[in-house]
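A.B. asks: One structure coming up, written as structure tokens, with questions to follow.
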Amino acid sequence: MTQPASPEARRAELAGALARLEERLTAACRAAGRERSAVTLVAVSKTWPAADVAALAGSGPHAPRHFGEARDQEAAAKVRELADAGWTDLVWHFVGRLQRNKAGSVARYASVVHSVDRPALAHALGRGAVRAGRTVDALVQVSLDGDPARGGAVAADVPALADAVASTDGLRLAGAMAVVPLGASPSAALDRLAAVAARLRERHPGAEWLSAGMSTDLEEAVAIGATHVRVGSALFGGRAPLRG
Ligand SMILES: *Cc1c(COP(=O)(O)O)cnc(C)c1O
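According to this note's numbering, the sequence shown holds residues 3 to 246 in order.
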């Protein structure tokens, strides 16, 4: 996608995208009989510069406060740049695949990690959070296609993983997350996620968050009870394909 010529044009473009997204979210909540305030918008700013985050965060009454990133190095630099510019009230979510050796860094700036998919990662993240003197909200990422190579724990492994997260110092077990597999029917995949999340809540009543829904399937996600939608391209525009 071509970049607008000026910061003002980019600001207007982002404000327009946010207004359109708010309409979609409001309509989806209305259709599902839910309050708009029951769904947190996480604006996924990966690959986009700190200036875009500042523009969106400063764009008026519906401006998002929650931003999502998928790579530690990029996120750490962006968080620092924004904090230096006075944006200290933003809530950072880490939504991408996370290597254990990056967990300590992520724990320093992320309030929420959506992609906890194995006990060893939970333990590393917990250690990092304790070291940083904070508590990180951790979501168990569920694999909806049964292929853990693409991230996420298979449904059968979720209870033990959730127990591991819940018993790790520095972490709060906040709920479940999933990405709808490429080519899958969103509503069928999200129904599977809702069932896994319901079983998780039976065991851990505090684990109420459900992170689901991206630019193309947020309506289906709100319908099955998503509390957090992670929206990138519908706000910022198309991304160059991520590598690695
Ligand atoms: C990039 C990303 C998103 C946002 O996806 P869009 O299709 O651009 O809305 C959401 N969740 C995760 C895990 C991502 O990596």
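Cβ atoms here follow ideal geometry from the backbone N, Cα and C, with glycine treated the same way.
Below 8 Å on the Cβ atoms is my contact criterion, and I expect Val44 with Arg241 to pass it. Report the Cβ-Cβ distance as a whole number of Å.
C.D. replies: That belief does not hold up - the Cβ atoms of Val44 and Arg241 are roughly 16 Å apart, past 8 Å.
A.B. asks: Under 7 Å from any heavy atom of ligand 1, does the C-beta of Thr218 make it?
C.D. replies: It does: the Cβ of Thr218 is within 7 Å (strictly closer) of some heavy atom of ligand 1.
A.B. asks: Ordered along the chain, which non-local residues of its own chain (more than five positions away) have a Cβ less than 8 Å from that of Glu210?
C.D. replies: Ala176, Gly177, Arg203, Thr229.
A.B. asks: Per DSSP, Val233 forms a beta bridge with which residues?
C.D. replies: Looking at the DSSP assignment, Val233 forms a beta bridge with Ala45.
A.B. asks: With 16 other CB atoms within 10 Å as the buried threshold, where does Ser117 fall?
C.D. replies: The residue in question, Ser117, is buried, as its Cβ has 16 or more Cβ neighbours within 10 Å.
A.B. asks: If you run the structure through DSSP and keep just helix, strand and coil, what is Ala7?
C.D. replies: DSSP places Ala7 in coil when its eight states are reduced to three.
A.B. asks: Where DSSP assigns a beta bridge to Gly177, which residues make up the other side?
C.D. replies: Per DSSP, Leu141, Trp211.
A.B. asks: Between Asp13 and Val114, what straight-line distance do the alpha-carbon atoms span, to the nearest angstrom?
C.D. replies: Just to set this straight, residue 13 is Arg in the shown sequence, not Asp. The alpha-carbon atoms of Arg13 and Val114 are separated by roughly 27 Å.
A.B. asks: Go through its chain and collect everything with a Cβ distance to Ser189's Cβ below 6 Å, but skip five positions before and after it.
C.D. replies: Cβ neighbours of Ser189 beyond the five flanking positions: Glu222.
A.B. asks: Please determine whether the Cβ atom of Val115 lies at a distance below 7 Å from any heavy atom of ligand 1.
C.D. replies: For ligand 1, not one heavy atom lies less than 7 Å from the Cβ of Val115.
A.B. asks: Measure the alpha-carbon distance for His125 versus Glu10 and round it to whole angstroms.
C.D. replies: C-alpha separation (whole angstroms): 44 Å.
A.B. asks: Regarding Ala45 and ligand 1, is the C-beta to nearest heavy atom distance less than 7 Å?
C.D. replies: Every heavy atom of ligand 1 is 7 Å or more from the Cβ of Ala45, so no.
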